[in-house]
Amino acid sequence: MKDKRILYVSSEVIPYLPETEISSMSFEAPRMVNNHGGQIRIFMPRFGNINERRHQLHEVIRLSGMNLVINDLDMPLIIKVASIPKERMQVYFIDNEDYFKRKATLTDEEGNLFPDNDERAIFFAKGVIETVKKLNWSPNIIHVNGWLSSMLPLYLRNYYGNEPLFNKAKIVTSVYNQDFDGTLDSNMYKKVLFDGLESEQVKHLKKPNYVNLMKTAVDNSDAAIIAGDNIPDELKKYLSKLAKPVLEYKNREEFASAYQEFYTKEVLS
Numbered sequence: 108m109k110d111k112r113i114l115y116v117s118s119e120v121i122p123y124l125p126e127t128e129i130s131s132m133s134f135e136a137p138r139m140v141n142n143h144g145g146q147i148r149i150f151m152p153r154f155g156n157i158n159e160r161r162h163q164l165h166e167v168i169r170l171s172g173m174n175l176v177i178n179d180l181d182m183p184l185i186i187k188v189a190s191i192p193k194e195r196m197q198v199y200f201i202d203n204e205d206y207f208k209r210k211a212t213l214t215d216e217e218g219n220l221f222p223d224n225d226e227r228a229i230f231f232a233k234g235v236i237e238t239v240k241k242l243n244w245s246p247n248i249i250h251v252n253g254w255l256s257s258m259l260p261l262y263l264r265n266y267y268g269n270e271p272l273f274n275k276a277k278i279v280t281s282v283y284n285q286d287f288d289g290t291l292d293s294n295m296y297k298k299v300l301f302d303g304l305e306s307e308q309v310k311h312l313k314k315p316n317y318v319n320l321m322k323t324a325v326d327n328s329d330a331a332i333i334a335g336d337n338i339p340d341e342l343k344k345y346l347s348k349l350a351k352p353v354l355e356y357k358n359r360e361e362f363a364s365a366y367q368e369f370y371t372k373e374v375l376s
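Counting from 1 along the sequence shown, just add 107 to a position and that's the residue number in our numbering.
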């Protein structure tokens, strides 16, 4: 992995959010690459329940300030950054007062999905891409984790399809166990079409449930990783029919060598 540049995009990363399969792997995989001489960047949303003072987040003024258009509305993009203690790794946080100020992540106190989670996912995807453009940092691999990140492959391959910074980047999507029931806003499909994408490219989003969000992500990826030990059967079947590399599930003790080999021999080959 020496000198390879890998962009990690995740809905959650420890130590900023509680330990889950996604937050753990979104920390362990970058650390593994970092320790083997690779260059990494990590992006996640700046959810309102992240303690900015404790984790020493600070705004990066030179990266903040642009507006992103979401469903015909201008939404200001704020970029913050923090360093993971005892690790030589920085995390960039995508922030916006309307989407990420509330003191929760993806659901309210009753466990109901926030009604604007679809727009938050679109904003997060655009925010990551626009920030990486400002950093002028061209990744070899973009590794996507968590359904809130699932719009990034779609937008990168289509909306930003002619962006030279990402021309040679390979996208890898990790598929985890079922993360929510029900669907996101039924108008998500129309909101993505508003950005000029073709209806065939967003066909799964007519019913924006967990399985269809992940189908959309892997359709626009170069490879996939089964990162959960109990992913939905429908996704298992879908992945088995893909004409692209798919890494089978590896636990935390065995993932490091498997990911390195997958990155170098399957994704970058």
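Glycine included, every Cβ here is placed at the ideal spot set by N, Cα and C.
State the Cα-Cα distance for the pair residue i and residue j, rounded to the nearest angstrom.
i, j, result
"LYS372", "PRO352", "10 angstroms"
"THR280", "SER190", "24 angstroms"
"THR214", "ALA232", "19 angstroms"
"PRO183", "ASN174", "4 angstroms"
"ASN243", "SER328", "22 angstroms"
"ASN203", "ALA365", "36 angstroms"
"ASN294", "ASP110", "42 angstroms"
"VAL299", "ILE229", "8 angstroms"
"MET108", "GLN367", "7 angstroms"
"LYS241", "ARG169", "9 angstroms"
"LEU346", "GLU135", "24 angstroms"
Please go through the same chain and pick out, in chain order, the residues whose beta-carbon is closer than 6 angstroms to the beta-carbon of residue i, but skip the five residues on each side of it.
i, result
"VAL116", "PHE150, VAL235, VAL251, SER256 and LEU259"
"SER130", "GLU119, VAL120, ILE121 and LEU124"
"LEU291", "ASN224, ASP225 and PRO315"
"ASN284", "GLY335, ASN337 and ILE338"
Leaving out five residues on either side along the sequence, give the residues of the same chain with a beta carbon under 8 angstroms from the beta carbon of residue i.
i, result
"THR323", "SER257, MET258, PRO260, LEU261, VAL309, HIS311 and LEU312"
"GLU355", "ILE333"
"PRO246", "ARG112, ILE113, LEU114, ARG148, VAL239, PHE273 and ALA276"
"LYS208", "GLY155"
"LEU342", "VAL282, VAL318, MET321 and LYS322"
Looking at the structure shown, is residue i part of a helix, part of a strand, or coil, going by DSSP?
i, result
"MET196", "coil"
"ILE236", "helix"
"PRO260", "helix"
"ALA324", "helix"
"GLN163", "coil"
"LEU255", "helix"
"THR371", "helix"
"ILE129", "helix"
"ASN141", "helix"
"ALA350", "coil"
"VAL188", "strand"
"ILE121", "coil"
"ASN319", "helix"
"LEU312", "helix"
"ILE229", "helix"
Which first and last residues belong to the beta strand (DSSP E) in which residue i is found?
i, result
"TYR115", "112–117"
"VAL176", "174–177"
"MET182", "180–183"
"ARG148", "146–152"
"ILE332", "330–333"
Can you find the residues in the same chain that come closer than 7 angstroms, C-beta to C-beta, to residue i, ignoring five residues on each side of it along the sequence?
i, result
"VAL167", "ILE186, LYS187 and VAL188"
"ASN158", "none"
"ARG195", "ASN141"
Shorter than 7 angstroms from the beta carbon of residue i to some beta carbon of chain D?
i, result
"ARG264", "No chain D appears in the structure shown, which is made up of a single protein chain."
If you follow the alpha helix (DSSP H) that residue i is in, where does it begin and where does it stop?
i, result
"ASN269", "Here ASN269 belongs to no alpha helix (DSSP H), and DSSP marks it neither H nor E."
"LYS277", "From DSSP, LYS277 is part of no alpha helix (DSSP H) but of the beta strand (DSSP E) over 277–282."
"TYR206", "204–207"
"MET295", "295–300"
field: the region 153–164 in contact with the region 215–232 per 3-pair CB rule at 8 angstroms
entry: no
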